[in-house]
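In this note's numbering, the protein residues as written are 135 to 256. To start, the structure under review is shown below, and the notes come after it.
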């Protein structure tokens, strides 16, 4: 079985590095993007099982990117990692598989991603 592929989209380099390092050690194939536009470019070149997405980023943010990703790649699972409080009526929420608040627990994030992958694969 191939390693699960995860794309980490966040403008904060320490968060990108920490999430990629954690999942790399846990047997995932990881990649990173700095904003929504970069994520769309990477998704056009590779297939991902899961995308973690920040909402507030310079340039193209997560709120704008998520509906586009789901339209182009409906099978991908998207988990939002954000420090942004927002509200429950935001349109992007209908397109995601979960929301995690920063600071986040990588252990809890991993458990949620594994559950999503198990549902998809099985």
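Note that beta-carbon positions come from the ideal geometry of N, C-alpha and C, so glycine has one too. Model, not experiment: these values are computed from the prediction.
The beta carbon of residue 166 lies closer than 6 Å to those of 142, 150 and 154 in the same chain, with the five residues before and after it left out. Residue environment: residue 186 is assigned as buried (16 or more neighbouring CB atoms within 10 Å of its CB, all protein chains considered).
Pairing residue 241 with residue 248, the inter-Cα distance amounts to about 11 Å. Contact check for residue 200 against residue 229 passes: the beta carbons are separated by less than 8 Å. As DSSP reads the structure, residue 234 sits in a beta bridge with 215. As the crow flies, the alpha-carbon of residue 253 is around 15 Å from that of residue 213. With a threshold of 16 other beta carbon atoms within 10 Å, residue 136 falls short and is exposed. In this structure, 216 is the residue among 216, 211 and 163 with its C-alpha nearest to the C-alpha of residue 195.
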